[in-house]
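The structure under discussion appears below in the form of structure tokens.
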Amino acid sequence: MIYLLYVLVYSSATSKSDAKLSWKLETIPAVFGQDIQLTCSIPNYSSQAKMNRRWSFGRNIHGIIFNGVSRYPNKYSEHMEEKKGVSTLRIHNFSKHDVNTIYECAYGFSYDRKFLNLSKLKFESHPQSVLKATVQIDKDCNCKGNVTLENIFPQPDCKSTFNIMNITLSSLQVKTKEMGLFFTTDIKLIYTHRGDADAGKLIVVCDVGSKRFVVVNETLTCAPKGTTKINIDIEKVAGIISVCVFMVIPLLCLMCVLSTKDKKKFRPWLQKVYQKTRQGSENSLQKHQQRDEEKALKNITEGVT
1 MIYLLYVLVY
11 SSATSKSDAK
21 LSWKLETIPA
31 VFGQDIQLTC
41 SIPNYSSQAK
51 MNRRWSFGRN
61 IHGIIFNGVS
71 RYPNKYSEHM
81 EEKKGVSTLR
91 IHNFSKHDVN
101 TIYECAYGFS
111 YDRKFLNLSK
121 LKFESHPQSV
131 LKATVQIDKD
141 CNCKGNVTLE
151 NIFPQPDCKS
161 TFNIMNITLS
171 SLQVKTKEMG
181 LFFTTDIKLI
191 YTHRGDADAG
201 KLIVVCDVGS
211 KRFVVVNETL
221 TCAPKGTTKI
231 NIDIEKVAGI
241 ISVCVFMVIP
251 LLCLMCVLST
261 KDKKKFRPWL
271 QKVYQKTRQG
281 SENSLQKHQQ
291 RDEEKALKNI
301 TEGVT
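Residue numbering for the sequence shown follows full-length UniProt numbering, beginning at 1 and increasing consecutively.
Given below as structure tokens:
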């Protein structure tokens, strides 16, 4: 019997005298932390005698606005469009205490009293601060990273891509826990690049309701699997060339100061020195190249193992 009386009193969506007076959630999606609006349509407002207008809140039907005057101006305010007969209740800094409870719009003896229920289609809570995941990339192009989204609603929809290719199933682990009305989501990225491209964009996005958050945006530069890159150390090559030039210039200067007769005697010796210097430089360069090739071969062998 008590339950029946409760249903008759609190679940009625129509008034006793006027079934057309009604309120609805105007702000969709209603985002927690922002201002939202409820609008109440009052039929024939401009053509009938003026009566008392009020908004009430909670299971005890606590009055919050009476004829445009708010008892809590920092939390509630009203705007009345008399020509249209529409009363707009603005709830400032919408919070979890403002949902899953009763709101009533009343005009004279007519009223509409019902619950404002939380639903994933109409309400959203976004993370107050989104920290992008710190991604660690090793020499084998293994990528690891994680990030946590707190106090969100509804549950996020996350996906990862590499150069637009969807890699969600193979790289992303998403765990969501319910924390009261909201959720906390832990996102873990584990990805090993095995494609043919040696560079590309690794992106992870999460949609929380209608809003998208980019939690990973990294550019990867990796050697394709099965290939070898032989890099010649530019500084070493430049050093070898500098030594050669440093040795040749004094010899050229010496030739200039010698007589023609001395030049004839000196020329064969100079040619021998030049050939030995050139041969030494080439041998040094070949040794560096051979060393880089051995390192690359060793890396490939370790990768296969």
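Virtual Cβ for every residue (Gly too), placed ideally from N, Cα, C.
All values reported here derive from a predicted model rather than from experimental measurement.
Start-to-end residues for the alpha helix (DSSP H) that takes in residue i
| i | result |
| --- | --- |
| S170 | T168 to S171 |
Beta-carbon contacts of residue i that lie in its chain and below 8 Å, excluding the five residues immediately before and after
| i | result |
| --- | --- |
| A133 | G145, N146, V147, I187, L189, V204, V215 and V216 |
| E124 | P29, A30, V31, F32, F153, P154, V208, G209, S210 and K211 |
| K83 | S46 |
Endpoints, the beta strand (DSSP E) within which residue i is located
| i | result |
| --- | --- |
| G200 | A199 to V208 |
| L25 | S22 to L25 |
Whole-angstrom C-beta distance between residue j and residue i, which should lie under 8 Å
| i | j | result |
| --- | --- | --- |
| Y191 | C143 | 4 Å |
| E78 | W55 | 7 Å |
| S87 | C40 | 4 Å |
| I61 | S70 | Not confirmed; about 16 Å, so no contact. |
Local Cβ density within 10 Å of residue i, reported as buried at 16 or more and exposed below that
| i | result |
| --- | --- |
| T228 | Only weak support exists for where T228 lies, its pLDDT of 42 falling under 50; the coordinates are left without a value. |
| E81 | exposed |
| L116 | buried |
| P73 | exposed |
| T219 | exposed |
| F162 | buried |
Same chain only: Cβ atoms within 7 Å of residue i, ignoring 5 sequence neighbours per side
| i | result |
| --- | --- |
| H126 | V31, I152, V208 and K211 |
| T168 | K159 and S160 |
Residues near residue i by beta carbon distance below 6 Å, same chain, minus five either side
| i | result |
| --- | --- |
| H92 | D35 and K75 |
| F213 | V130 and C206 |
| F66 | R54 |
| K177 | T184 |
Whole-angstrom distance between residue j and residue i, CA atom to CA atom
| i | j | result |
| --- | --- | --- |
| I164 | G200 | 9 Å |
| H97 | K20 | 28 Å |
| K175 | E150 | 12 Å |
| A49 | G68 | 17 Å |
| residue 306 | S171 | Since the displayed the chain opens at 1 and closes at 305, residue 306 lies outside it and no answer follows. |
| Q37 | T101 | 15 Å |
| R59 | E104 | 10 Å |
| M51 | L118 | 32 Å |
| R90 | F183 | 26 Å |
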